[in-house]
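Right, one structure below, let's go through it.
Protein chains in written order, with this note's numbering: chain A, 13 to 388; chain B, 929 to 1452.
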């Protein structure tokens, strides 16, 4: 009787059955991992590295997207640097009539921001170092006129950025204050490599992709097959408005990967300033991170979920600890201003926040720009 | 009583065979269903219905066997035409009729479910922007969908009336089949008929052959052939309508196995026609009437079993992944399925790789919106939509007043007029200031309903504006009408930047590939 069924029918039927079986197995086998953390802690960076190492990497279309991101980052960073220099030195912006002349644009704000952070402690001579020399006026004007969304790097743009970055001391001086004006560290890398990035046949390599900085909005999901296990990793945005969305993913989570940036103890957070009167200097991203971590631990559905704490940017921390002590965020810290004891203190502090003793807590450190293999 | 031992034994064997195969397959498929139950959406109990259907099918098979057993002892003498009648005269038209109707309904349900998913998504995102949406054809889907999806509703309002009408017509025809009719009415719910003896009606083509041999009068209403032709007309209509509907299902994948089911039904029908031809035409003289009937009955049972079980399995599989979960599993965008070539599209000239170009096209805008919804980042595009409409509105007003505007971003923040219009921007009773404040309240201030992930700088400048709105030095009063054009430019830029990341993922979706394919010029 079976002769009336063709082979192809049977094979499709079998295929579908196999597919369903596979799905079912995968559903029970896949471990759902949630990447959480405050804004700018490096969740997406971690995600990108996972994708490059354990996933199938980034395809050409995605690379095209990252290329745009990187170009955008370069243009926006340099614009911000120029604008900050001009604001601090009260130098009028080049006489073009663009949206920056509008009275309620960024400038007001930069003023307000800098008055809190930079200006207060600065003397006239210190301000003078941010003065952009006259010969760069043309470059500045050209760069400020570019609209960020059309950020394909032209040859002209590359030359302007290059001359400003390499020859203008004011820009370099301003870049030292990047933690206060919200310029990502990796911009320096891109400025140094501007010629390579500006080439028309440029495709971002792994390092470029990992270094590209942008705020994540919404959620990205990706499955990784590592040895026999299947991990479904969810990357989310960490800013306050994004945190409202976290609740959608909490169902059936195997483990939470909580990412903390070690260097953020002197960085000004993007958020948590609900009105202008709040003192920005009292708040820093580390405190924000701690608050988010506490909130996450307190969620009903995470009471039995394992937590893996990732301390990110350890390499940058080693640099920073020489300049800034962690007492900014941890006033009770009495130890020496060195990398090892400081990090120990921070990790102990985070572990002490866990009030459920049977919960599994793991600690991991990783260096931002270093590939990590076989982490599991 | 003239008891034929051979007949008795064969009948019993038939029963045993049926019981074993049917029960075994029942267990097998029920086991499969049981395994999948945790994947079933919570309120969907339809698959249980189909398990019930297969149980009913087995019972009806058994009842036929019982009939054979009862009358088969001396059937050759007393009821020479009975077995034949069971398969051809009465059930044929009924099953054909119901099968066609079921085909139509199933296709209709699939089309409805697909369109419903699309329209409900559209309604959802439009409701975030505009309140006063006129009730168009989409509400039709929304209103009728739950009913059409419920099998109870279909059984009650579609199948039962049809069944009753067909039964009524045919009751007058063959009074001597009362027993089998009663049996079937007791055991068989309308659904069973659809799956039972699909192939039988195909044999109707060969009826004339048998017609010559016998002359059975007694049709009160119509002559046999006329009745069949009469039955055939609505059936043909049903099937045509079903095929036309099936044509509108997006052909991304024959997920619902409409094709497979049709082909296998056709194959079975051809097979049974062939069998019939061999038994009753080629070997008619060499094989005894009893063996003929027996072979036919056996093949009938086997085919019946196959059809019932396969269809049940298919339906289970369909419900295992309902359309929405299927779409999310394959990363398909529902709106992407309905992208059709549009020769007038403005994008036919520009290569649609840039985000700003995609957003200028209404279709691309909607596709991207769906993508953002799946990534829970919809507020960005909603914000972009409303702020851009605000910008366009103010700009238009200024142009009407012939105010000179120096717009450095001319032609970047432009959206199609076909998109839903924001109810905030188009509220004629509000001043520009009120509109701007409402927009800030909706998208920008901390804790807003659709708060966008803006950088601290940009956000604070608007928070400051918002907080000072009731002060004596209201910053809005210092602004000239044309300032409102540029009021939200920093936000627009920032939102645009935020969406770039999602856009790079959007580029990898099927929906985007299809979209680019369809907006490309057909003659380069």
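Idealized CB from N, CA, C, for every residue including glycine. These numbers come from a predicted model, not from an experiment.
Across the stretch 226–247 of chain A, CB contacts with chain B closer than 8 Å involve 226, 227, 228, 229, 230, 231 and 232, in sequence order along the chain. Contact with chain B is absent for residue 91 (chain A), since none of that chain's Cβ atoms lies less than 8 Å from the residue's Cβ. One finds 1425 and 1428 in chain B with Cβ atoms closer than 8 Å to the Cβ of residue 84 (chain A), taken in chain order. When C-beta distances to chain B are compared with 8 Å, the residues of the stretch 52–80 of chain A below that value are 71, 73, 74, 76, 77, 78 and 80, in chain order. Less than 8 Å divides the Cβ of residue 1053 (chain B) from the Cβ of residue 1301 (chain B). Cβ neighbours of residue 1394 (chain B) within its own chain (closer than 8 Å, five residues either side excluded): 1365, 1368, 1369, 1372 and 1373. For residue 157 (chain A), the secondary structure class from DSSP, reduced to helix, strand or coil, is coil. Sorting A:154, A:87, A:183 and A:229 by C-alpha distance to the C-alpha of residue 209 (chain A) places A:87 at the top.
Residue 271 (chain A) has A:322 as its beta-bridge partners, per DSSP. For the options A:373, A:206 and A:47, the alpha carbon positioned closest to that of residue 269 (chain A) is the one of A:47. From the beta-carbon of residue 1300 (chain B), the residues of chain A found nearer than 8 Å are 230. Closest in C-alpha terms to residue 1356 (chain B), from the list B:1304, B:1441 and B:1322, comes B:1322. Contact annotation: residue 66 (chain A) and residue 242 (chain A) have beta-carbon atoms that are not nearer than 8 Å. The criterion of a C-beta distance shorter than 8 Å is not satisfied by residue 75 (chain A) and residue 222 (chain A). Secondary structure at residue 233 (chain A): strand, using DSSP grouped into helix, strand and coil.
In the DSSP assignment, residue 1342 (chain B) falls outside any beta strand (DSSP E), carrying neither H nor E. For the stretch 187–256 of chain A, the full-length beta strand (DSSP E) segments reaching 3 residues or more read 231–238 and 241–248 along the chain. When the five nearest sequence neighbours on each side are left out, the beta carbons in the same chain lying within less than 6 Å of the beta carbon of residue 244 (chain A) are those of 42, 44 and 235, in order along the chain. Per DSSP, the unbroken beta strand (DSSP E) holding residue 44 (chain A) starts and ends at 43–48. A contact between stretches requires three or more CB pairs, one per stretch, nearer than 8 Å, and the stretch 248–262 of chain A meets this requirement with the stretch 1374–1393 of chain B. Interface residue (Cβ-Cβ distance to chain B less than 8 Å): residue 188 (chain A) is not classified as such. At a cut-off of 8 Å, the C-beta of residue 296 (chain A) has no neighbouring C-beta in chain B. With distances taken between CA atoms, residue 361 (chain A) lies nearest to A:341 out of A:341, A:167 and A:266. Using beta-carbon distances, residue 1308 (chain B) counts as an interface residue toward chain A, with a partner under 8 Å. Where residue 68 (chain A) is concerned, there is no enclosing alpha helix (DSSP H), because DSSP gives it neither an H nor an E. Residue 92 (chain A) is bridged by DSSP to nothing; it lacks a bridge partner.
Going by C-alpha positions, residue 1361 (chain B) is about 18 Å away from residue 1331 (chain B). In terms of CA proximity to residue 1172 (chain B), B:1039 leads the group B:1427, B:1304, B:1284 and B:1039. Put simply, the CB of residue 253 (chain A) is near chain B, with a gap under 8 Å to one of its CB atoms. For residue 305 (chain A), the enclosing alpha helix (DSSP H) has its first and last residue at 297–309. In this structure the stretch 351–368 of chain A touches the stretch 299–306 of chain A; the number of beta carbon pairs closer than 8 Å is three or more.
At least 8 Å separates the beta-carbon of residue 196 (chain A) from that of residue 79 (chain A). For the 8 Å CB-CB criterion, residue 1287 (chain B) and residue 1439 (chain B) do not form a contact. Around the beta carbon of residue 336 (chain A), fewer than 16 other beta carbons sit within 10 angstroms, so the residue counts as exposed. Comparing C-alpha distances from residue 1347 (chain B) to each of B:1358, B:1363 and B:1312 shows the shortest one belongs to B:1312.
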